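Chemist: The structure is given below, and queries will be raised subsequently.
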DNA sequence: CAAATTTATATCGTTCACGATGCAAAAGTA
DNA sequence: TACTTTTGCATCGTGAACGATATAAATTTG
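Chains as they are written, first to last, in this note's numbering: chain A, 1 to 153; chain B, 154 to 306.
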């Protein structure tokens with residue numbers, strides 16, 4: 001079986017890729033009414049935890065590149081969720097802060113994590129094994145992140 | 154802690170999303186020389202396993218929508234990897250088949266899965282716990298897929 | 001202090017991903 | 001057989017994701 005490994009069935013990455021897409025899809029019923037996308041929801045969670053952050057910090061916390069986050073923030077600014085102001089000590093920075101609308105959305109989003117986890121329990125009849133995946137995923141993420149930032153030089 | 158669950162740290166989906174992106178990134182050093190992307194690699198794996206499939210079958214095996222796969226295949230056709238011919242019994246179908254170039258690429262790609270799994274082992278110093286994630290991810294994928302196809306009516 | 005380098009962000013081009021819509025062929029129905 | 005519905009694929013528009021590149025401000029260096 002020379003090509004046995006080249007089968008979809010045997011591949012972890014394909015499963016991660018698919019699981020991530022479908023899980024993001026599961027957020028649709030909750031995010032559509034708020035008029036936001038999943039990546040925008042991630043940005044909001046970062047800002048709800050700590051308001052007024054430069055683009056770089058947000059990107060770093062989401063493991064995204066700034067050239068992904070910048071247009072994302074521009075769309076969110078157009079939607080009235082955030083403001084982007086020039087930094088005071090460092091004028092190269094853009095400090096991103098929540099608008100009233102962005103702050104208030106936290107209240108509406110409060111129950112989303114619980115809803116999602118309930119859905120996953122209902123779908124899979126098992127929560128424990130997903131909680132158990134978390135440390136493994138973290139290890140993978142940290143390792144890949146380190147590896148890939150090293151590769152850039 | 155009213156908003157405790159609205160923290161990135163507590164979310165499985167964010168980890169899946171990030172792990173999937175970074176893992177796809179880990180394929181870059183192997184796929185760039187072949188001139189293909191990760192989703193194109195997935196399509197090739199589907200066709201290597203069984204040549205001459207309609208668009209719908211490919212999309213279904215990858216858990217993607219046909220309106221994602223169609224442009225993907227068009228790009229792959231332009232790159233000379235696949236041919237798309239009209240179906241004979243059902244002329245609505247487009248049968249996708251590998252070209253010589255597409256077939257030959259299998260030989261060059263043969264070692265990619267092994268390389269990737271070696272990298273993950275090296276990065277995380279542990280393979281077992283990732284292998285253990287596979288059934289959980291499959292359960293999640295199957296459950297979400299069923300749920301989301303039901304939701305469409 | 002001037003020049004070179006680094007840093008923070010933005011812009012551009014390409015590829016996904018997918019909802020909405022369109023269209024022609026096939027299948028089901030009156 | 002005519003009509004309706006379904007199916008298979010394509011097109012369009014929007015929003016990511018990211019490599020490459022640009023630009024201005026800060027930092028380092030000579």
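Even for Gly, the Cβ is constructed at its ideal location relative to N, Cα and C.
In this text the structure is predicted, and so the values were computed from the model without any measurement.
(1) From the DSSP output, which residues share a beta bridge with residue 207/B?
(2) Between 25/A, 52/A, 6/A, which lies nearest to residue 296/B when the distance is taken from Cα to Cα?
(3) So what does DSSP say about residue 298/B, is it helix, strand or coil?
(4) Can you tell me whether residue 238/B is helix, strand or coil according to DSSP?
(5) Excluding the 5 residues preceding and the 5 following residue 34/A in the sequence, name in chain order all residues of the same chain whose CB lies nearer than 7 Å to its CB.
(6) Measure from the C-beta of residue 202/B to each C-beta in chain A and report whether the shortest distance is under 8 Å.
(7) Verify whether the separation of the beta carbon atoms of residue 235/B and residue 214/B is less than 8 Å.
(8) So, at 7 Å on beta carbons, what are the nonlocal neighbours of residue 70/A in its own chain, with the 5 sequence-adjacent residues on each side left out?
(9) Nearest to residue 288/B by CA position, among 2/A, 19/A, 3/A, is which residue?
(10) Which residues in chain A sit within 8 Å of residue 178/B, going by Cβ to Cβ distance?
(11) Would you mind listing the alpha helix (DSSP H) stretches within the stretch 31–75 of chain A that are 4+ residues and don't spill past its ends, in chain order?
(12) Give the straight-line distance between the Cα atoms of residue 97/A and residue 156/B, rounded to the nearest whole angstrom.
(13) Does the Cβ of residue 125/A have 16 or more other Cβ atoms within 10 Å, making it buried, or fewer, making it exposed?
(14) Taking the alpha-carbon positions, what's the residue 192/B to residue 88/A distance?
(15) For the alpha helix (DSSP H) containing residue 106/A, name the first residue and the last one.
(16) Buried or exposed: where does residue 176/B fall if 16 or more other Cβ atoms within 10 Å of its Cβ makes it buried?
(17) So residue 289/B contacts chain A; which residues on that side make the cut at Cβ distance below 7 Å?
Modeler: A quick look at the data gives this:
(1) In the DSSP assignment, residue 207/B is bridged to 248/B.
(2) Of the candidates 25/A, 52/A, 6/A, the one whose C-alpha sits nearest the C-alpha of residue 296/B is 25/A.
(3) It is helical.
(4) Three-state DSSP puts residue 238/B in a strand.
(5) Only 105, 108, 109 meet the Cβ criterion.
(6) Closer than 8 Å: yes.
(7) For residue 235/B and residue 214/B, no; Cβs fall outside 8 Å.
(8) 55, listed in sequence order.
(9) Ranking the options by Cα distance to residue 288/B, first place goes to 19/A.
(10) Against chain A, a Cβ distance below 8 Å from residue 178/B picks out 144, 148.
(11) Within the stretch 31–75 of chain A, the complete alpha helix (DSSP H) runs of at least 4 residues fall at 38–49, 55–61.
(12) A straight line joining the alpha-carbon of residue 97/A with that of residue 156/B spans about 18 Å.
(13) Result: exposed.
(14) Rounded to whole angstroms, the gap between the alpha carbons of residue 192/B and residue 88/A is 43 Å.
(15) 100–109 is the extent of the alpha helix (DSSP H) around residue 106/A.
(16) Per the 10 Å Cβ criterion, buried.
(17) Here the neighbours are 129, 130, 133.
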